[in-house]
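Going by our numbering, the first residue of the sequence shown is number 29, and it counts up by one from there. Comments concern the structure below.
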Amino acid sequence: MKKLICSLSLTALCMLGMTACTTETHYDSVSTNISINVPNMPYDGSMMTIRERFQFDRDLSSISSMTLHEAWLSSPPDVQGSDEDARTDDAVLPVSLSLDIVKTISISLVESENSPSVFWLVVPSSQLKGKDAIFSDFNVGDLRQYMDSYQQLELEVEIALEPYHVMRYWRDVCGMSANCTINLPLSMQFKMED
């Protein structure tokens with residue numbers, strides 16, 4: 029019986045020691061809009077480059093690694109249209125757009141101004157349908173190596189939009205206004221280990 033009690037006590041101590049040595053995993057999310065000014069974009073569906081920068085509020089110096097858990101692109105939010113055809117009994121119906129408006133999108137990491145960007149994320153064109161699309165990522169290792177001293181992660185977004193859907197958005201939503209902007213929500217969730 030003494031051997032059993034000693035062995036259970038020893039096992040409990042070992043488990044307590046192992047728990048103290050394990051790493052803690054945290055998840056942190058960031059979101060932004062990829063904003064495209066319609067009157068200033070190319071109307072032939074050619075590629076545009078947009079720079080985005082994320083600032084992390086959490087102190088990342090204490091973590092041992094930071095990798096991408098998941099990233100996704102969402103369709104433009106439903107907005108009130110201005111087209112006469114969208115009116116019913118003097119009420120303006122919302123105009124809903126899917127990710128069909130995006131022809132192609134990829135994201136690269138920017139290390140510095142003098143070095144080439146590192147290809148990172150892409151959504152296959154076959155998945156650019158509906159309201160949300162998950163990015164496929166190319167493993168680039170620990171993301172902290174791409175951050176500057178201010179804990180900022182700079183991204184280079186290469187995107188091309190379908191001209192038909194863009195013109196429809198400009199006409200139906202913005203009434204051909206010079207201040208028409210398409211906002212595509214971009215969200216990322218990062219896995220961080222202490």
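From the three backbone atoms N, C-alpha and C, an ideal C-beta is built for every residue, glycine too.
Between the alpha carbons of N211 and D222 lies a distance of about 35 Å. If you look at V194, you'll find it in the alpha helix (DSSP H) that goes 191-200. Looking at the backbone, the Cα of P105 and that of I91 are separated by about 35 Å. The way I'd put it, the segment 65-74 does touch the segment 204-219; three or more beta-carbon pairs between them come closer than 8 Å.
When DSSP states are grouped into helix, strand and coil, D72 belongs to the coil group.
The shortest CA-to-CA distance from G158 to any of I129, M195, G203 is the one to I129. Taken through DSSP and simplified to helix, strand or coil, V66 comes out as helix. Contact check between the segment 83-100 and the segment 184-201: fewer than three CB pairs, one atom from each, fall below 8 Å, which does not count as touching. About 5 Å separates the CB atoms of S93 and D170; that is less than 8 Å, so the two are in contact.
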